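Participant: One rule links them: number in the working numbering = place in the sequence shown (from 1) + 149.
Take this structure, written in structure tokens, and hold onto it; I'll ask about it next.
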Amino acid sequence: MFGRHRRSMMRTTVMNSPTVGVYHAALLDYLLSDDESGLAHAYDLGRTGLDSGCGLLQILHVHEKALGIILDSTPVDNEIRRRVDASVKFLTEALSPFAMASNGYRDLLKTR
Numbered sequence: 150m151f152g153r154h155r156r157s158m159m160r161t162t163v164m165n166s167p168t169v170g171v172y173h174a175a176l177l178d179y180l181l182s183d184d185e186s187g188l189a190h191a192y193d194l195g196r197t198g199l200d201s202g203c204g205l206l207q208i209l210h211v212h213e214k215a216l217g218i219i220l221d222s223t224p225v226d227n228e229i230r231r232r233v234d235a236s237v238k239f240l241t242e243a244l245s246p247f248a249m250a251s252n253g254y255r256d257l258l259k260t261r
């Protein structure tokens, strides 16, 4: 039940998310340089997404896609890739209650 609801929420607001291309470029830049400016860029992407109505799970979805692109171009063992993919799914499930609570809080604020 929650999975279907979460997927529909992701579809309706994914247009407010940073594009996978922009996010991928920023993530790759950070992974290659590992400096504070990369983290500042991540913060800016998150802030822009939040300001445009993007939710936590939408950012997670964009991150998953961008990370997949990076892993596809990186020589990694199949088991490592499987574990990374599985860990993203696990994290998505763990964050779902937070996203639902946040969405409920936003909806409450809109009705005031």
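We put the beta carbon where it would ideally sit given N, CA and C, even for glycine.
Owing to the predicted nature of the structure, the values given are computational and were not obtained by experimental measurement.
Suppose you measure from the CA of A248 to the CA of D256; what does that come to, to the nearest Å?
Facilitator: Straight-line Cα distance between these residues: approximately 12 Å.
Participant: Below 8 Å on the Cβ atoms is my guess for I208 versus G195; work out the distance and round it to an integer in Å.
Facilitator: The Cβ separation is near 6 Å, so the contact holds.
Participant: Output the boundary residues of the alpha helix (DSSP H) element that contains G170.
Facilitator: Element bounds for G170: V169 to S182.
Participant: A215: which of T260, A174, K259 and S166 sits nearest, CA to CA?
Facilitator: Nearest C-alpha to A215: A174.
Participant: Could you work out which residue in D200, E185 and E213 is closest to Y172 when comparing CA atoms only?
Facilitator: Comparing Cα positions, the closest option is E213.
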